[in-house]
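**Student:** Let me begin by handing over the structure; questions about it come next.
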Amino acid sequence: MTTPTRIARRHPDELIIGLVSISDRASAGAYQDQGLPALREWLDGALASPWQAVDRLIPDEPARISDTLIELVDTCGCDLVLTTGGTGPARRDVTPEATLAVGTKEMPGFGEQMRQISLRFVPTAILSRQVAVIRERPSHAALIVNLPGQPKAIRETLEGLKADDGSVLVPGIFAAIPYCIDLIGGPYAETRPEVIAAFRPKSARRPQPAAGDAAV
């Protein structure tokens, strides 16, 4: 087994994102994992900034989940970790507990907003237990967010819901993630507004270069 190493940024604003799919059956090869491809596809479309991913496919085991999150933040240096799977009420659904165990600050608004989005579709959204935390180390911090397990629900919770004219009905959670990463000392991430508009207070926004200042 290869010893994990810190991921080198290829650009000062490059995001290092840990992607963790948590499933007993997928990790055992019983079926093909859908979580990691869904996360990569959405991030490719949503992020205007450079980014690179560190993937993990693991079973629903609390110690394994916690150890993986610690590795991605402390060793690999991820700025953001997104997990998918293991957030329901079943006995093997232990992702929230394993996530809370490694966090130094809980961020309850993320789970609240995800359930609000999912309730637009199914009443069983109240059974979802997604949580988010900040993990802080002396020289580094990262945001860890639990997402649902299904690709459609992953997209809806990240992106939010829009009307036919493109106006936002319910904001997706990713609108708040770039500013959260700013606040914990991470790189300045920008999104494609046609997918998800990252929100920052005016005082936190970088000035946009004038048209005549563009590099030739």
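According to the numbering used here, the stretch in the sequence shown is residues 331 to 546, in order. Ideal placement from N, C-alpha and C gives every residue a C-beta, glycine not left out.
(1) Jot down the residue ranges of each uninterrupted beta strand (DSSP E) in the stretch 393-435, minimum 3 residues, whole runs only, in chain order.
(2) Strictly by DSSP, which residues pair up with A302?
(3) Does DSSP put T521 in a helix, in a strand, or in coil?
(4) Pairs of beta-carbons, one from the stretch 379-386 and one from the stretch 434-447, closer than 8 Å: are there three or more?
(5) Under a three-way DSSP split, which group does D343 fall into?
(6) Excluding the 5 residues flanking E344 on each side, which residues of the same chain have their C-beta closer than 8 Å to its C-beta?
(7) In angstroms with no decimal places, state the Cα-to-Cα distance between E436 and R370.
(8) Just how far apart, CA to CA, sit I511 and I352?
(9) What does A383 pair with, by DSSP beta-bridge criteria?
(10) Can you look up I526 in the DSSP assignment and give me helix, strand or coil?
(11) What separation, rounded to the nearest whole angstrom, lies between the Cα atoms of R522 and D363?
(12) Among the residues of its own chain, which have a CB less than 8 Å from the CB of R422, if the five just before and after it don't count?
(13) Over the uninterrupted beta strand (DSSP E) stretch that includes L491, give me the two end residues.
(14) Hey, R485 and W372: beta-carbon distance below 7 Å or not?
(15) Quick one: what does DSSP say L449 is sitting in, helix, strand or coil?
(16) According to the neighbour-count rule (16 or more other Cβ atoms, all chains shown, within 10 Å of its Cβ), is S533 buried or exposed?
(17) Nearest CA to the CA of V403: which residue from A472, G502 and I514?
(18) Quick one: residues in its chain with C-beta nearer than 7 Å to the C-beta of G433, no 5 flanking neighbours on either side, listed in chain order?
**Tutor:** For this structure:
(1) 410-414
(2) What is shown of the chain runs 331 to 546, which leaves residue 302 out entirely.
(3) strand
(4) no
(5) coil
(6) S379, P380, W381, Q382 and P517
(7) 25 Å
(8) 24 Å
(9) I347
(10) coil
(11) 27 Å
(12) D354, D390 and G416
(13) G490 to K492
(14) yes
(15) coil
(16) exposed
(17) A472
(18) V463, I464, R465 and I474
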